[in-house]
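Going by the numbering used here, the first residue of the sequence shown is number 2, and it counts up by one from there.
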Amino acid sequence: MHLDQSRSNPVGESTPTFCAGRKVSGAQKALLWKSLKEDPKCPSRILLEEVARTDEPIPITVRQTNRLRVLWGLNRKKGRPRRVESAKPSVSPGEVIEVTPRLLFVGVHLFAVWMEQQGGLDYVLVLLKQKIEVYKREHPSEDFSLLYHREQTLLLRFQALFFAPLFGIKKLTGFDMQEHPLKTLIGRGYQSSTLSQFLGQLERIDAAEALMPALVPEEAGKIGYVDGHMIAFWTRVSMHKGKITMLGRIMAGSKAVIAHNEEGQALFVEYYPPDIHLSNVIEDYCQKFYAATGIEIFVIDREINSVAMACAFERRGWGLISMLDSNEYNGLSSFEATEIGKLDDGSRVYSGKWNKPHKDDPRHFVLVEQPEGQVLAYWGTPRVEKSLEPIEWPQVYRQRNEVQENSFKDMIDHGALNTNYGRKKIVGPDRHQQRAKEKVEEKLEEAHQKAEKKEDLVRTQQEKVAESEQRGHKKRLEQRQRALVVQEEELKEARQKQEKLQEQAEALGPPRQRMDRDFRKQRIMTFRTLLLENALVSFIAVLCGKLKENVSLESILRVLFERSGSRVETSSEVIYWVNTEGLSVPYRRMLAEVAEGLCAMDLKWRGKPVYVRLRDVPT
2 MHLDQSRSNP
12 VGESTPTFCA
22 GRKVSGAQKA
32 LLWKSLKEDP
42 KCPSRILLEE
52 VARTDEPIPI
62 TVRQTNRLRV
72 LWGLNRKKGR
82 PRRVESAKPS
92 VSPGEVIEVT
102 PRLLFVGVHL
112 FAVWMEQQGG
122 LDYVLVLLKQ
132 KIEVYKREHP
142 SEDFSLLYHR
152 EQTLLLRFQA
162 LFFAPLFGIK
172 KLTGFDMQEH
182 PLKTLIGRGY
192 QSSTLSQFLG
202 QLERIDAAEA
212 LMPALVPEEA
222 GKIGYVDGHM
232 IAFWTRVSMH
242 KGKITMLGRI
252 MAGSKAVIAH
262 NEEGQALFVE
272 YYPPDIHLSN
282 VIEDYCQKFY
292 AATGIEIFVI
302 DREINSVAMA
312 CAFERRGWGL
322 ISMLDSNEYN
332 GLSSFEATEI
342 GKLDDGSRVY
352 SGKWNKPHKD
362 DPRHFVLVEQ
372 PEGQVLAYWG
382 TPRVEKSLEP
392 IEWPQVYRQR
402 NEVQENSFKD
412 MIDHGALNTN
422 YGRKKIVGPD
432 RHQQRAKEKV
442 EEKLEEAHQK
452 AEKKEDLVRT
462 QQEKVAESEQ
472 RGHKKRLEQR
482 QRALVVQEEE
492 LKEARQKQEK
502 LQEQAEALGP
512 PRQRMDRDFR
522 KQRIMTFRTL
532 LLENALVSFI
542 AVLCGKLKEN
552 VSLESILRVL
562 FERSGSRVET
572 SSEVIYWVNT
582 EGLSVPYRRM
592 LAEVAEGLCA
602 MDLKWRGKPV
612 YVRLRDVPT
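Rendered as structure tokens:
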């Protein structure tokens, strides 16, 4: 629905309607009107000279200015103006107080208004102040600026980090090079040096651990989705490496293990080196997640699929849903299955156990036979059986794609999830060398045992040959001599293999060292990204509740958040004008509906109602 810009705004009788013209926008007219109200006797020529020296000159002539003055009743009397100092008139209801004619990322300003109204960062400040006080007690000799920051300073600097991805700023150096609206958004600007120092001091007090509870809502949910996300890290020094799936190569980096609830809200994050397999840390990770949220049912992909993992979760009383690898079963014939229903796509669903019982396997299986014939095997622990109906398991597992996989893509796009923060490294033992050495030593032990057996066989065969020689055997002697030759050859090969493995073990050399990343800064900024994503999802949910049709987060970011506009503040309200230049008719129609939805959200800024209007940029 198109918004009519020419209709009157509810601003009071003393303020005229500032509708956009062909050359002069509504915000520019408001700026002229405000200047004239402050000094009604100022000549139009002097007024335009002053406006021309501002950041955004107005393309208007003296004649056009005089016409507007007559229209507004602000034209001065004939004759030379008298230079008499007079007090400025008091502000009347509806009078313009401040005009910001050029506002970048106008949608981010509206999102910030909503965030402030919801108290989105209040709990973050509480947790941060508590952590600072604890650090000061534990380290009384430490002295750096973060320990003495006022609450307002903490808020402003954290806001700068929080909103940076929405400006397209991923690395903090972007504050020094890219155009951004930080000054109009939070009232002041920052350079990267100040924010880098702030982030470094947050790292110093290890703020990530203390801030993590800010991600958890009052109702955390019942199901936790856990998945790892690899982030590449370019370096020339020797570091532990892993398969960075997004680049398809073995390289240094980090693994962010992130947990969401069924509503798609991120609740927890922990970082691990890329060479650490998820199955080695998942139990400890889930214990931390359970302590933070109380969630006892987990959905994890096939990376942790094993009987041992199912037993470990069962011992703790947790529920776990995962999938079997396709090479572990042969369709429905591997199970004693009973049909329990159908999915929406027509797939048949079966429930059952192994056809041949496996020792100490507590898993129950739900099998989905797809229309093309493929059978997918989902499994769950007994705790899951008590909480969820088996027919629900496939849909619960498939929800991973929306809850996590798509969420990771969104956070990479507009949340700087893939950006590395901090270059500090921790020196430790070379785990790659340790694993290679353990593998070689295991093979060497097997080769040593095999060689000893071959030696025993050769020794026994030599005794048999000697016995045949003493007894004068002919045919048997030849048979035993041929067998001895074969066994001596096998012993020679076993010793050669043993020597080769010994050389490989020696080639690995003495224990070496290799570096891991210090993840403290990375955790803080990933917490920032998850907090931002949670806030954006909640904002879009509230906004869509006011619209006739749902609008995606990507559309809001492109059509509203990244557009420029202006802001007019009067004594009774605040109006945000959004530029529509370059929008096609369908997108302009969508933006108009979004503007109406924002007006219906009852946003308030400085205690005044906020209204959103569309504006065509004059040419």
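For each residue, glycine too, the CB sits at the ideal point set by N, CA and C.
Counting other Cβ atoms within 10 Å of its Cβ, S26 reaches 16 or more and is therefore classed as buried. Secondary-structure assignment with DSSP links H230 through a beta bridge to A257. Listed as beta-bridge partners of L377 by DSSP are V369.
C-alpha of C545 to C-alpha of W319: approximately 36 Å in a straight line.
The Cβ neighbour count for I47, taken over all protein chains shown within 10 Å, is under 16; the residue is labelled exposed. The continuous beta strand (DSSP E) containing Y577 extends over residues 575-580. Residue environment for M526: buried (at least 16 other C-beta atoms within 10 angstroms of its C-beta). Ranked by Cα distance from R189, the first of K465, M591, F159 is F159. In the DSSP annotation of this structure, the continuous segment of the beta strand (DSSP E) that includes S323 starts and ends at 320-324. As the crow flies, the alpha-carbon of F168 is around 48 Å from that of H365.
Each of L532, V238, A267, P275 was checked against the Cα of I245, and the nearest Cα belongs to P275. For P358, the number of other beta carbons within 10 angstroms of its own is below 16, and it is reported as exposed.
Taking C-alpha positions only, K171 is separated from E443 by approximately 46 Å. Residue nearest to F528 within the set K360, L561, T461, I259 is I259 (criterion: CA-CA distance). In the DSSP assignment, V459 falls within the alpha helix (DSSP H) that extends over 432-472. For K387, the closest C-alpha among the options K425, L321, V404, R424 is that of L321. Looking at the DSSP output, L104 sits in a beta bridge with G566.
Spatial neighbours of Q266 in its own chain (CB-CB distance under 6 Å, excluding positions within 5 residues in sequence) are listed in chain order as N535.
Collapsing the DSSP output to three states places R513 in coil. If you draw a straight line from the Cα of G374 to the Cα of V125, it comes to about 51 Å. Around the beta-carbon of G249, fewer than 16 other beta-carbon atoms lie within 10 Å, marking it exposed. DSSP places E479 in the uninterrupted alpha helix (DSSP H) bounded by 476-508. In this structure, the CA atom of E390 is about 13 Å from the CA atom of K343. Counting along the chain, S388 sits inside the alpha helix (DSSP H) bounded by residues 383-388. Burial state of H181 is buried, judged by a 10 Å Cβ sphere holding 16 or more other Cβ atoms. Less than 8 Å divides the Cβ of L531 from the Cβ of V270. Contact annotation: L333 and L368 have beta-carbon atoms nearer than 8 Å. For W355, the beta-bridge partners assigned by DSSP are F336.
In the structure shown, W235 falls within a coil segment according to DSSP collapsed to helix, strand and coil. Going by DSSP, F269 is part of the beta strand (DSSP E) stretching over 267-273.
Under the DSSP definition of a beta bridge, I427 partners with D517.
In this structure, the straight-line span from the alpha carbon of E453 to that of L485 is close to 16 Å. Counting along the chain, P395 sits inside the alpha helix (DSSP H) bounded by residues 394-399.
Burial state of Q29 is buried, judged by a 10 Å Cβ sphere holding 16 or more other Cβ atoms. DSSP places I298 inside the beta strand (DSSP E), whose first and last residues are 298-301. CA-CA distance, M231 to K609, rounds to 45 Å.
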